[in-house]
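In UniProt numbering, the protein residues as written are 1 to 301.
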């Protein structure tokens, strides 16, 4: 298992980050789904409130169809039908737990535990790791302004002039000069327990699926500040519903081209609810039958 703790500093408050992150995820999901190949994209299975013990938050269940995104060497060991990843997240901001798995690889475990604090990444053991875990953990400090930028990168927060004042982030000392800073602490555990591939896959996931993704997505949070600035949570939920409908429409269009049966948006988006309703109806019918049988027995007596 490869354990790394990423610390990402942003010049905003916690409540602003919550909106920024949700807005960015919805916008990126729409973009990926629209631009992806046939049969690919991000499917939002569930997005609903949850409550367990003393914790309340938002639960999301997504499926990433990513056949064309995998490197060639990995594609050779994956059957086409299993080139997908399942994400389940319990977001009780300012804490969040996200778990990923690939159904084909039962020995693959990938989790991201997040804690957000209003500081500059100075909490040394925010996840309360034990001595053994601390020895294995590698801390990675991410500087969104000054870490390397990909060639022809569009979201340069060093030059973006935002109306709300979040960007640009200038100079090596932007963190020290910022009026307010917060830190996203992300503890990432990656385990791929297959002989001959564990080290290579774990390193690849940390580099491509984690480190580079964290930098890119958080730069976008700041670059799009004028777009999410002033939004309320109800606005974000509306955007998320629109995002879900985009994938459903794409799926219906693909089925239409193939001549397959097409479900209505309502039925496809609430299929699990429909199944539950059917189960409830069956239970009611059983109860009714039992009541009738009891009445018959009483009459016979």
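Virtual Cβ for every residue (Gly too), placed ideally from N, Cα, C.
Quick caveat: nothing in here was measured; it's all calculated off a predicted structure.
Run through DSSP, which three-state label would residue i get?
i           : result
residue 313 : This structure leaves residue 313 out entirely; the chain is present only between 1 and 301.
residue 92  : strand
residue 25  : helix
residue 161 : coil
residue 151 : coil
residue 11  : coil
residue 32  : helix
residue 106 : strand
residue 118 : coil
residue 40  : coil
residue 269 : Because residue 269 sits at a pLDDT of 44, beneath the cut-off of 50, its placement in the model cannot be relied upon, and the point is left open.
residue 275 : Low per-residue confidence applies at residue 275: pLDDT is 41, beneath 50, and the placement is therefore not dependable, though the value from the model is reported in the following sentence. The answer is helix: DSSP assigns residue 275 an H, G or I state.
When DSSP builds the beta bridges, which residues end up paired with residue i?
i           : result
residue 3   : 189
residue 101 : 86
residue 49  : 58
residue 123 : Its beta-bridge partners do not exist; DSSP assigns none.
residue 381 : Absent from the model: residue 381. The displayed extent of the chain is 1 to 301, so no value can be given.
Compare the beta carbon distance of residue i and residue j with 9 Å and say whether it is the shorter of the two.
i           : j           : result
residue 222 : residue 167 : yes
residue 110 : residue 191 : yes
residue 12  : residue 141 : no
residue 112 : residue 188 : yes
residue 243 : residue 26  : yes
residue 58  : residue 91  : yes
residue 169 : residue 144 : yes
residue 33  : residue 220 : no
residue 194 : residue 99  : no
residue 229 : residue 184 : no
residue 156 : residue 215 : no
residue 218 : residue 10  : yes
residue 139 : residue 115 : no
residue 121 : residue 246 : no
residue 206 : residue 2   : yes
residue 89  : residue 83  : no
Need the endpoints of the alpha helix (DSSP H) that residue i sits in, please.
i           : result
residue 140 : Careful: residue 140 lies outside any alpha helix (DSSP H), inside the beta strand (DSSP E) at 138-142.
residue 223 : 212-223
residue 199 : 198-204
residue 175 : 174-177
Kindly give me the distance between the Cβ atoms of residue i and residue j, rounded to whole angstroms, as I take these residues to be in contact under 8 Å.
i           : j           : result
residue 118 : residue 14  : 6 Å
residue 6   : residue 186 : 4 Å
residue 225 : residue 162 : 5 Å
residue 61  : residue 40  : Residue 61 to residue 40, Cβ: 18 Å. No contact.
residue 47  : residue 240 : 6 Å
residue 79  : residue 104 : 7 Å
What first and last residue would you give for the beta strand (DSSP E) that runs through residue i?
i          : result
residue 65 : 55-65
Within 9 Å (strictly less), CB to CB, does residue i reach chain D?
i          : result
residue 24 : Included in the structure is just one protein chain, with no chain D present.
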